[in-house]
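Going line by line, the protein sequences match chains A and B.
Going by the numbering used here, 111 is the number at position 110 of the first sequence; the sequence numbering is gapless.
Going by the numbering used here, 22 is the number at position 32 of the second sequence; the sequence numbering is gapless.
Every residue gets a Cβ at the ideal spot worked out from N, C-alpha and C, and that includes glycine.
All of these numbers come straight from a predicted model, not from anything done at the bench.
Please read the structure below before turning to the comments.
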Amino acid sequence: MAGKCDVRARLLQGNESCAEAALLAGVRFFAGYPITPSSEIAEILSARLPQLGGKFIQMEDEIASMAAVIGASLAGMKAMTATSGPGFSLKQENLGFASFTEVPCVIVNVQRTGPSTGLPTSPGQGDLMQARWGTHGDHPVVALYPSSVAETFDLTVKAVNIAETLRVPVILLMDEVVAHMRERVIVPCADEIEIAWRPRPTVAPSDYLPYDAGPDGVPAMADFGTGYRWHVTGLYHDITGFPTSAPAKVDHLVRRLEGKIANHRRDITFTWDEHMDDAKVAVVACGIVARSARRAVRLARGKGIAAGVFQPKTIWPFPYEQIAEIAARVDRIIVPEMNMGQLIGEVQRAACGKCEVIGHFRVDGEPITPEEILARLEEV
Amino acid sequence: MAKSIDEYLRTQFMPHIWCPGCGHGIVLNALLRAVARLDLPKDQVCVVSGIGCASRAPGYLDFNTLHTTHGRAIAFATGIKLANPDLHVIVVTGDGDGAAIGGNHLIHAARRNMGVTTVMFNNSIYGMTNGQYSPLTPSGMFAATAPYGNVERNFDMCELVRASGANYVARATVAQARQLSTYIERAIENPGFAFVEAVGSCPTYFGRRNKLGSSLQMLETLKKNSVTAAAAAKLDPAELRGKIIIGEFYRGDAPGYIELYDGVIERAKEAAGK
């Protein structure tokens, strides 16, 4: 967009919001493969990226698109891809590679009802655990989960920034409902938002140790072609980047990778809550279900029920501390989710028996309504 | 020769992991000599590989190097080339990595005429995993997973890549090291997607299991079985059985993806300005 930034309030579709936010955050490369309900992101970026001198490519499959994203990021571009459940499964191999080699990238997964081809394209929340454990081996990831079109904008910018600053793949989990609905978004100007880049080396190429991290656990990253001729491998590697099988070095790497996320937990944990101060019953929900939960809690308050709602916008790392604190002061937590119980496992882990935790699972391809949640709140 | 190839090696990691008598060293030497003749700045060369014996090569090379996942090197290379078209992006792959698990990426990169040079180290076998048959193991040969002889037909990679749309396609064996190096040099120079199949030998698994003799004998056999494309054109299929056709099969100048996408950027900016 040329000239002054003056268009503020815009009516955007969720996928459109994601695409526009990615551009504002500096994403200049997108590789993808057609899949509903994420396709609009690719379609919009195929038009918008070249306008900004960026690159778009539709690859031959989901695996290749994840690979191309990593390649582009290594060559210095902020890069992203978007997909849905079946494609997300295919991306897992190279997602693990990106996590292990610490290549910044963003993977949008607009979830639909699975498993397999499932219900194309009804909403479902079945990929929470895939986002965390979809690829093999211990590995760090970050996953953010918006509940509205405006939050999609905000969290997409955050996803790009976190990917860059922590050198980690960040997954933006979306619900089909959010991806396809249109809402008002106050679009910020470029100079109004914080835009982060990966840490760059400050030493001469001859002194560059590509995986020698400082106290915060994030090593500096040089772009390919800038004089730092480093080696990137999916094998265990030491601080030089070259393969090693020395047990102490292997152990050091896997612990540093987990540690760099843990070190920054507070900076990357985003949550929202309402009526939690005096709540006796809490609803913990994410994505579109948090919207229904908000409505249900307001209705319950009107009926004199001391209900509150807590929405983790950061799913991974999971906000265990916040949930533990809630569990210590409420009688009961209700966890409504559009799967057979994925979020609830983490809530139970955090609650650690301090309060009752009740699930409400819907898996018929229809969103959970406020009335359903209200009914659970009224069961005492 | 402009430079010694030692300049391009991370010699601190020698000796390499390849077996004595392996043909991969000859292919790598041919590749580095090509880079030396072209006098490419090391910072501007990016070598990308997948998984397997051949794919270990980048670790020994003093370029921007990327050792990726099995079969996916060309897809990674595509992202690199798009993000920085000034880089000379070279993919090093094997017959299992590039023709089996990575076959789809190969044909689509050729179809797009992506500005990447691919050198396939074809040793007719999965060496790193103990010698299972690959899509380039000739019919009738034995392998760890073909104890009664391979009943599958093998690809002709050069025909496949040519038919897919590549701008440059050539094949030589490690018995024609200079010719091989010349082909790799031309491949790097040629715009668009370029493919060189380097037929080598794996004495450890392919040779031993098929009683092909020493590595030197295997090299002699490659030389004896090589037929130039011109000579092959005059032979009938029966006479060509078991032969390796060598030569440049195609050299074209169709616009590559990178150049075509520059046009997309131009049109997009024009549309945005309206």
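Around the beta carbon of A:ARG183, fewer than 16 other beta carbons lie within 10 angstroms, which makes this residue exposed. Our two residues, A:SER293 and B:VAL82, have alpha carbons roughly 53 Å apart in a direct line.
Looking at the backbone, the Cα of B:GLU249 and that of B:ALA177 are separated by about 17 Å. Bridge partners of B:TYR240 according to DSSP: B:VAL159. Sixteen is the threshold: since fewer than 16 other Cβ atoms of the shown chains lie within 10 Å of the Cβ of B:SER204, the residue is exposed.
In the assembly as shown, A:LEU12 is an exposed residue. Its beta-carbon has fewer than 16 other beta-carbons within 10 Å.
The C-alpha of B:LYS233 lies about 13 Å from the C-alpha of B:THR127.
Taking the C-beta atoms as reference points, A:ALA43 is found nearer than 8 Å to A:GLY33. Closest in alpha carbon position to B:VAL151, among B:GLU142, B:PHE185, B:MET131, is B:PHE185.
The three-state reading of DSSP puts B:ILE115 in coil, since its state is none of H, G, I, E or B. Among the residues of the region 11 to 34 of chain B, those with a Cβ less than 9 Å away from any Cβ of chain A are LYS32, ASP33, GLN34, in the order of the chain. Chain A places no beta carbon closer than 8 Å to that of B:ASP87, leaving this residue out of the contacts.
Within chain A, no residue has its CB atom less than 8 Å from the CB of B:ALA184, the nearest being about 18 Å off.
Shortest Cα-Cα distance from B:THR58 to any of A:VAL28, A:GLY15, A:PRO244 involves A:PRO244. Under the Cβ criterion of 8 Å, A:GLY72 is counted among the residues facing chain B. Judged by DSSP secondary structure, B:SER216 falls within the beta strand (DSSP E) whose first and last residues are 216 to 218.
Shortest Cα-Cα distance from A:ILE369 to any of A:ALA301, A:LEU96, A:GLN93, A:ASP176 involves A:ASP176.
A residue is called buried once 16 or more other Cβ atoms fall within 10 Å of its Cβ, and A:HIS265 is buried on that count. Between the region 84 to 97 of chain A and the region 55 to 65 of chain A there are three or more C-beta pairs closer than 8 Å, enough to call the two in contact.
Approximately 16 Å separates the beta-carbon atoms of B:ILE174 and B:ALA63; this is outside 8 Å, ruling out the contact. The beta carbon of B:ALA134 sits closer than 6 Å to the beta carbons of ASN120, GLY121, GLN122 from its chain, once the five residues preceding and following it are set aside; these are given in chain order. Comparing alpha-carbon positions, the option among B:GLN166, B:LEU77, B:LEU(-1) lying closest to B:LEU209 turns out to be B:GLN166.
Look at A:GLY360 here: in three-state DSSP terms it is strand. B:ASN140 and A:GLU195 have their C-alpha atoms roughly 60 Å apart.
For A:TRP273, the enclosing beta strand (DSSP E) covers residues 272 to 275.
The contact set of B:ASP52 on chain A, defined by CB atoms closer than 7 Å, consists of ARG230 in chain order. Residues of the same chain with a CB within less than 6 Å of the CB of A:THR102, apart from the 5 flanking positions on each side, are VAL233 in chain order. The three-state secondary structure of A:ILE335, taken from DSSP, is strand. B:PRO5 sits in coil when the DSSP states are folded into three classes, being neither helix nor strand. For B:LYS32, there is no enclosing beta strand (DSSP E), as DSSP marks it with neither H nor E.
A:ALA221 and A:GLY135 have their C-alpha atoms spaced approximately 27 Å apart. Exclusion of the five residues before and after A:GLY309 leaves ASP274, GLU275, HIS276, MET277, ALA280, ALA283, VAL298 as the residues of its chain whose Cβ lies within less than 7 Å of its Cβ. Between B:TYR247 and B:ASN94, the CB-CB gap reaches or exceeds 8 Å. Using a CB distance below 7 Å, the part of the region 244 to 259 of chain B facing chain A consists of TYR251, VAL254, ILE255, ALA258, LYS259, ordered along the chain. The beta carbon of A:ALA23 sits closer than 6 Å to the beta carbons of MET81, THR157 from its chain, once the five residues preceding and following it are set aside; these are given in chain order. C-alpha of B:MET147 to C-alpha of B:MET4: approximately 31 Å in a straight line.
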